[in-house]
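Visitor: Right, I'll just put the structure down here and ask away after.
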Amino acid sequence: MFKTMTKKPLVLATALALSAGAVHAAEAPKKGKATAADAHKFIQATEEKFDKLGMDTNRAEWVAANFITDDTEALSAYFGELTLDAAGKAALEARHYNGLKLSEDDARKLKLLQLTLMLSDPKERAEYSSKKAALQGAYGKAKYCPTDGRPCMPLGELEKVLATSRDPKQLLDAWNGWHSQSPAYKKMYGDYVDLSNKGAREMGYADTGALWRSQYDMTPEQFAAEMERLWQQVKPLYDSLHEYARYKLREAYGPDVVPLTGPIPAHLFGNMWSQTWDNIYPLLMPTSGASKFDLTKVLEDRKTSAKDMVQYGERFYTSLGMQKLPDTFWQRSLLTKPQDRDVVCHASAWQLDGKDDVRIKMCIRPTTEEFTVIHHELGHIYYDLAYKNQSNLFRTGANDGFHEAIGDTIALSITPDYLKKVGLMDQEPDANADIGNLLQRALAKVAFLPFGYSVDKWRWDVYSGKTKPADYDKSWWQLREQYMGVKRPLPMQADGFDAGAKYHVAADVPYARYFLAHLLQFQFHRALCREAGYTGPLHKCSIYGSEKAGKKLQAMLSMGTSKPWPEELKAVSGEDRIDGNALIEYFAPLKTWLDEQNKQLAAKAK
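In my numbering, the protein residues as written are 458 to 1063.
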């Protein structure tokens, strides 16, 4: 699993972060016309109560993710119901103050309060919360149990097969084994969608998808158009990468497995969802000019512990002038997989009390991928710590894409120069190894883009009613073929629910944030490299050790969501619109190389 993106939202992101309140928000005035002073008093009281329930809810969710039992699932559902209740009540009361002339902060907080769903029926709220917890629990407990006597395999073991095997039969078995688990909770998901939509409509939104798209300081229609605009910007680079991958996979597996035209079978990309392709880099690497450096081998040979891995990440952030992680981080985080219980191993960052109780939950192994994941997760943590002095409603990212982008921005600075400075590489590889390094990164970053876009395009259609449960798989694979150029390696099943084999669908985590983050991180990286005084090729830049760049970044992080995100983007980059050009600039040398390779490989294939 490519955990650097596929993660639980930062405890209570956007809508839920805004809803982590007490069961009874401050009452609106019963008589007379409301005033700006009344609105301010209401907001203050609501935020105070949100702080308390937010902490209780986060703790319940933390326990449920780390001790998967029926009881912890019930506790998580209970607090989820309280949270939903508080969110809806506060949102309804906030409407009482719409139209008043308020301070900029109070006006923004009232708007944020109303970006949530509300189920007025207590039984429906309980059912919604119960189903949400049950879906996440079902995903976390799922295992593939082969019928040939082999032991049951959880997702982590199946992922390892996809990452390392080059036997197409083994790959197909692992892929199908996991995708056969999600139909068990397909009906529950459909019922959950209906409840979610009802709650969104009670708050005046067309459906839950429209609610999600309303959280970006623009209309749902404008946001959908922005997503398509951004995809079209980067599509030519993806197309070149996809064409190259086809030729190399065809060389590896033969024409009977990989067609010369049309979509490529999804089980061949080294990842359960074909969302990142870096595990098949050995099949795609350049014949010359590729670095032979293997960070995983270095980490394994040095017996690098889970704590050691996290400390590498911490030292990057402190090199930018940021604080050391609190002692409680080390005492309370989950860094290794327990042997005595089921846990949700999906890497995630947590902020439990709105202040210094920050943690990560991750089953760390000494690999290149997880070294990068740690830098990503700590991006969430340092964002949390940066805005901890903001009031409750402003303690989240400028938008949810920002929160995902920060750690990935830092991870772009994991260059050979950085690895050399921290003692993990003896000497930098030859300069002509750039193409190999860029290709490896593109297999993680560029390959992800259409997946990051299409997950929520699928859900927008599900929530709008355009896609019915009977057509879940049909719609899912139509989008994957259209945007990703991949296909289901086996015929679709009548009761199929392949989308539910993805954590973020089962856990109902919005996914557009990851697509946006993959573009924002390159904008941030370019801006911070300029701030650090760097003038060379963008892909060679590392801001490690630059307190000047760190100060610029920290200033933006500390704003939380107190300003519309275009203002915060401008504060760090000088630009007020998300743009794919920084990503295009970063991978420009690779694009030239890919196009030349594809010409040669096309001639050879004929």
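Here a beta-carbon is modelled for each residue, glycine too, at the ideal position from N, C-alpha and C.
Values in this document were obtained by computation on a predicted structure and should not be read as measured data.
(1) Here's the rule: buried if 16 or more other CB atoms are within 10 angstroms of the residue's CB, otherwise exposed. What is residue 856?
(2) So if DSSP puts residue 1000 in a beta bridge, which residue, or which two residues, is it bridged to?
(3) Could you give the distance in angstroms between the alpha-carbon of residue 679 and the alpha-carbon of residue 609?
(4) Would you please state the rounded distance, in angstroms, between the beta carbons of residue 882 and residue 750? I believe it to be under 8 Å.
(5) With a threshold of 7 Å on Cβ separation, who are the neighbours of residue 671 within its own chain once the five nearest residues in sequence on each side are excluded?
(6) Put residue 781 into one of helix, strand or coil per three-state DSSP.
(7) Is there contact between the stretch 866-881 and the stretch 992-999, where contact requires at least three CB pairs shorter than 8 Å?
(8) Mind checking residue 994: buried by the 16 CB within 10 Å criterion, or exposed?
(9) Verify the CB distance criterion: does residue 830 have a CB-CB separation below 7 Å to chain B?
(10) What does the Cβ neighbour count give for residue 745, buried or exposed, with the cut at 16 atoms within 10 Å?
(11) Going by the CB atoms, is the gap between residue 619 and residue 631 shorter than 7 Å?
(12) In terms of DSSP beta bridges, what is residue 816 paired with?
(13) Have a look at residue 1032 and residue 1023 and give me their C-alpha separation to the nearest angstrom.
(14) Mind listing, in chain order, the continuous alpha helix (DSSP H) runs of no fewer than 4 residues lying wholly within the stretch 529-576?
(15) Ends of the alpha helix (DSSP H) at residue 582?
(16) By a C-beta neighbour count over all protein chains shown, 10 Å radius and 16 as the cutoff for buried, is residue 803 buried or exposed?
(17) Residue 949: buried (16+ other C-beta within 10 angstroms of its C-beta) or exposed?
(18) Determine the direct distance from the alpha carbon of residue 649 to that of residue 700, and round the result to whole angstroms.
(19) Hey, residue 763 and residue 793: beta-carbon distance below 7 Å or not?
(20) Consult DSSP for residue 500 and reduce its assignment to one of helix, strand or coil.
(21) Hey, would you say residue 851 sits closer than 7 Å to residue 1017, going by beta carbons?
(22) Are residue 500 and residue 594 closer than 7 Å when you measure CB to CB?
(23) Is there contact here, the stretch 640-648 with the stretch 944-964, by at least three beta-carbon pairs under 8 Å?
(24) Less than 7 Å between the beta carbons of residue 974 and residue 880, yes or no?
(25) Is residue 717 buried or exposed, if buried means 16 or more other CB atoms sit within 10 Å of its CB?
(26) Which parts of the stretch 679-743 are runs of the beta strand (DSSP E), unbroken and 3 residues or longer, counting only runs that do not cross its ends?
(27) Please classify residue 487 as buried or exposed, where buried requires at least 16 other C-beta atoms within 10 Å of its C-beta.
(28) Suppose contacts are defined by Cβ-Cβ distances below 7 Å. Is residue 806 in contact with residue 771 by that definition?
(29) Work out the CA separation of residue 1021 and residue 1034 for me, nearest whole Å.
(30) Leaving aside the five residues before and after residue 781 along the sequence, list all residues of the same chain whose C-beta is less than 7 Å from its C-beta, in chain order.
(31) Hey, out of 664, 715, 536 and 705, whose CA is closest to residue 515's CA?
(32) Hey, how far is the Cα of residue 542 from the Cα of residue 897?
(33) Ignore the nearest five residues each way along the sequence and tell me which others in residue 932's own chain have a CB closer than 7 Å to its CB.
(34) CA-CA distance, residue 506 and residue 548?
(35) Count Cβ pairs between the stretch 1034-1050 and the stretch 681-701 that sit closer than 8 Å; are there 3 or more?
(36) For residue 1064, count neighbouring Cβ atoms within 10 angstroms of its own Cβ and tell me buried if that reaches 16, exposed if not.
Guide: Straight from the coordinates:
(1) By the neighbour-count criterion, in which 16 or more other beta carbons inside 10 Å mark a residue as buried, residue 856 falls on the buried side.
(2) For residue 1000, DSSP records no beta bridge to any residue.
(3) When rounded, the distance between both Cα atoms is 46 Å.
(4) Contact holds; Cβ gap of about 6 Å.
(5) Closer than 7 Å at the Cβ level, and outside the excluded window around residue 671, lie 572, 662 and 677.
(6) Under the three-state reduction of DSSP, residue 781 is assigned to coil, being neither helix nor strand.
(7) Yes, the stretch 866-881 touches the stretch 992-999.
(8) With fewer than 16 Cβ atoms within 10 Å of its Cβ, residue 994 is classed as exposed.
(9) In the displayed structure, chain B is absent; only one protein chain is listed.
(10) Exposed, by the Cβ-count rule.
(11) With respect to residue 619, residue 631 sits close: the two C-beta atoms are nearer than 7 Å.
(12) Paired residues: 807.
(13) If I take the Cα positions, the gap works out to 8 Å.
(14) Taken in chain order, the complete alpha helix (DSSP H) segments of 4 residues or longer contained in the stretch 529-576 are 561-570.
(15) Taken as a continuous stretch (DSSP letters only), the alpha helix (DSSP H) holding residue 582 covers 579-598.
(16) Result: buried.
(17) Classification of residue 949: exposed, given that the 10 Å Cβ count is below 16.
(18) Cα to Cα, residue 700 sits roughly 39 Å from residue 649.
(19) The answer is yes: Cβ separation under 7 Å.
(20) In this structure, residue 500 counts as helix in the three-state DSSP scheme.
(21) Yes. Within cutoff.
(22) No, Cβ-Cβ distance for residue 500 and residue 594 is not below 7 Å.
(23) Because the criterion of three Cβ pairs below 8 Å is met, the stretch 640-648 and the stretch 944-964 touch.
(24) Going by C-beta atoms, residue 974 is not nearer than 7 Å to residue 880.
(25) When all chains shown are included, residue 717 counts as exposed.
(26) Listed in chain order, there is nothing to give.
(27) Summary for residue 487: the model assigns pLDDT 47, below 50, so the residue's position carries little reliability; its value from the coordinates is reported in the next sentence. Under this definition residue 487 is an exposed residue.
(28) Cβ distance not < 7 Å, so residue 806 and residue 771 don't count as in contact.
(29) Those two C-alpha atoms are separated by around 12 Å.
(30) Taken in chain order, the residues that qualify are 771 and 775.
(31) When C-alpha distances from residue 515 are compared across 664, 715, 536 and 705, the shortest belongs to 536.
(32) Per the coordinates, the alpha-carbon of residue 542 lies some 46 Å from the alpha-carbon of residue 897.
(33) Hits under 7 Å: 915, 918 and 924.
(34) Approximately 14 Å between the Cα atoms of the pair.
(35) Remark: three or more beta-carbon pairs, one from each stretch, lie closer than 8 Å, so the stretch 1034-1050 and the stretch 681-701 are flagged as touching.
(36) Since the first residue shown for the chain is 458 and the last is 1063, residue 1064 is missing from the structure and cannot be characterised.
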